[in-house]
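Residue numbers (the working numbering): 13 to 98.
Here is the structure we will look at, set down as structure tokens.
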Amino acid sequence: MHDINLAARYCDMLILLSNGRIRAIGKPEDILTRDNIRETFGVEVLIKKSSITNSIFIIPLGTAASVKKNNPNTQEGCGHIDSKSA
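Rendered as structure tokens:
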């Protein structure tokens with residue numbers, strides 16, 4: 013399954029592959045971490061847990077480089093709202 017949110021919701025166990033090699037095997041909440049996703053796909057994400065389905069869901073924030081470039085004062089994986097533009 014290639015949709016990470018569908019996999020997180022419906023699969024009991026996942027295999028995370030990187031360059032044709034197994035990076036991690038386990039429960040979605042154990043292997044779909046910010047670090048694993050950043051290192052595997054080069055994307056910064058926000059991970060939340062649904063109170064309705066009790067499964068995690070992943071919100072992409074952008075590539076790791078673009079998140080840092082566009083917001084140099086932001087820590088990894090954190091959003092930032094500029095009070096002047098909000």
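Virtual Cβ for every residue (Gly too), placed ideally from N, Cα, C.
Short Cβ contact (9 angstroms threshold) for residue i with residue j
{"i": "residue 70", "j": "residue 58", "result": "yes"}
{"i": "residue 41", "j": "residue 19", "result": "no"}
For residue i: DSSP bridge partner residues
{"i": "residue 61", "result": "68"}
{"i": "residue 46", "result": "Residue 46 pairs with nothing; no bridge assigned."}
Assigned exposure category for residue i - 16 Cβ within 10 Å defines buried
{"i": "residue 16", "result": "buried"}
{"i": "residue 64", "result": "exposed"}
{"i": "residue 49", "result": "buried"}
Helix, strand or coil at residue i [DSSP, three-state]
{"i": "residue 75", "result": "strand"}
{"i": "residue 18", "result": "helix"}
{"i": "residue 52", "result": "helix"}
Same chain only: Cβ atoms within 7 angstroms of residue i, ignoring 5 sequence neighbours per side
{"i": "residue 52", "result": "28, 30, 35"}
{"i": "residue 62", "result": "69"}
Neighbourhood of residue i by C-beta, 8 angstroms cutoff - its chain only, sequence neighbours within 5 removed
{"i": "residue 38", "result": "25, 26"}
{"i": "residue 33", "result": "none"}
Nonlocal neighbours in the same chain, by C-beta distance under 6 angstroms from residue i, ignoring five residues either side
{"i": "residue 60", "result": "69"}
{"i": "residue 47", "result": "none"}
is_contact[residue i, chain B] using C-beta, thresh 9 angstroms
{"i": "residue 33", "result": "Going by chain labels, chain B is absent from the structure shown, which holds only one protein chain."}
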